[in-house]
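Here's the structure we're looking at; comments come further down.
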Amino acid sequence: MKRLLGVVTALSMSFSTVAMASEVNIALSGTEDIEKNGEYVFIKAFADHLNANGMETKVHPSDSLGKEKERFDQLSQGLIQVNLGNTGVLFKLAPVTKGLLLPFMFSDNANFDESINRGKIIEYVNEQVAPHGIRLAGFPMRGGGMGLFNSKHPVAKIADVADLRLRAKDGVQIKLFEAWGSEGTVVSWAEVSNALQTGVADGYFNPPASALLFGHTSVLNNFTPLNAGPSARVALLSQDWYEGLDDKTRAIVDEAVAKGIAANRVWAEKWIESAMTQLQEQGVAITELEPGQRELFAEASKKIWGEVINEKDLAILKNAAMN
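In the numbering used here, the protein residues as written are 1 to 323.
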């Protein structure tokens with residue numbers, strides 16, 4: 001709390017100066033790593049476009065302005081102008097965002113983008129979050145689609161998960177794994193390494209980069225791409241700041257968002273290939289699903305959709321995804 005008050009006080013004291021200088025403060029949780037961090041790829045292209053058009057920017061990486069909730073609160077108050085956050089920060093304000101993470105709602109980044117555009121999901125979300133001082137600009141991707149890591153054996157069909165105990169982030173994921181015929185155990189991400197090493201969990205359901213970035217390849221020696229959907233973050237703007245811009249400047253910001261998303265998507269495709277190669281180089285066996293097995297995983301996963309999202313928003317997403 002003291003840290004949050006200090007951050008807010010410092011930002012408040014400099015806010016008038018920042019506003020006069022038109023400095024755009026951009027916050028994120030990750031590092032300024034153009035090779036591995038898809039969020040920063042978005043931010044770099046976004047900030048470069050603003051800078052090229054006479055707008056000063058300052059990037060605050062590595063949670064330097066606080067954790068997720070702290071940064072979100074600062075954004076809603078107009079103390080910072082841009083924040084890259086976890087999709088979960090929007091769940092209460094715009095429940096439809098819960099559905100963006102539903103397993104097998106989308107197949108890949110391209111399908112996600114097409115569905116979001118078709119269903120006008122960003123516009124729908126903004127109708128709900130704008131009164132809270134927030135504007136959703138887009139969805140930077142972390143990398144590859146969701147897949148299954150485990151330390152026991154290759155998984156080529158849904159029956160192969162029967163003897164696996166998978167790390168779950170919450171009770172809903174427990175039900176997901178049970179729907180697959182497997183078992184789950186809730187483990188916080190901070191405790192995942194220990195859980196894998198001690199056998200508390202045999203694996204997890206994550207993008208291919210997860211084991212690489214967190215050093216789990218020494219334990220997890222099997223990966224199956226399920227193409228169960230992308231792993232998206234949210235690019236958020238201060239609504240008051242955005243609405244306070246003149247038409248020309250607002251157009252520059254919109255162009256910057258588009259350039260950031262485009263750069264992120266190019267990076268994501270390259271990163272997927274790179275991540276798979278790195279996994280193999282580190283001794284992880286890549287096993288593709290047998291024909292028809294992805295459909296079985298998808299049908300089983302749909303059983304838990306209604307427990308995650310309300311009926312109205314689920315229908316909106318299913319229509320958008322043509323699912």
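All C-beta atoms, glycine included, are put in the ideal place defined by N, C-alpha and C.
Check, Outcome
"For GLU183, name the three-state secondary structure that DSSP assigns.", "strand"
"Let's test the definition: count the other Cβ atoms within 10 Å of the Cβ of THR224 and tell me whether it reaches 16, buried, or not, exposed.", "buried"
"DSSP three-state label for PRO95, please.", "helix"
"By Cβ distance, which residues of its chain are closer than 7 Å to VAL59, with the 5 residues on each side in sequence left out?", "ILE26, GLU32, ILE43 and ALA47"
"Spatial neighbours of PRO230 within its chain, please: C-beta separation below 6 Å, excluding the five flanking residues on both sides.", "ASN109, PHE112, MET141 and GLY145"
"Taking DSSP as the reference, what is the three-state secondary structure of ARG165?", "strand"
"Do LEU236 and ILE134 come within 7 Å of each other at the CB atom, strictly closer than that value?", "yes"
"Going by DSSP in three states, HIS60 sits in which element: helix, strand or coil?", "strand"
"Could you tell me which of PRO208, VAL172, GLY260 and ASN194 sits nearest to THR287, measuring between CA atoms?", "PRO208"
"So, under 8 Å CB-CB, VAL155 and LEU148 are touching, yes? Tell me the CB distance rounded to an integer number of Å.", "6 Å"
"Excluding the 5 residues preceding and the 5 following VAL219 in the sequence, name in chain order all residues of the same chain whose CB lies nearer than 7 Å to its CB.", "SER151, LEU196 and GLN197"
"Roughly how many whole angstroms lie between the Cα atoms of GLN293 and ALA190?", "32 Å"
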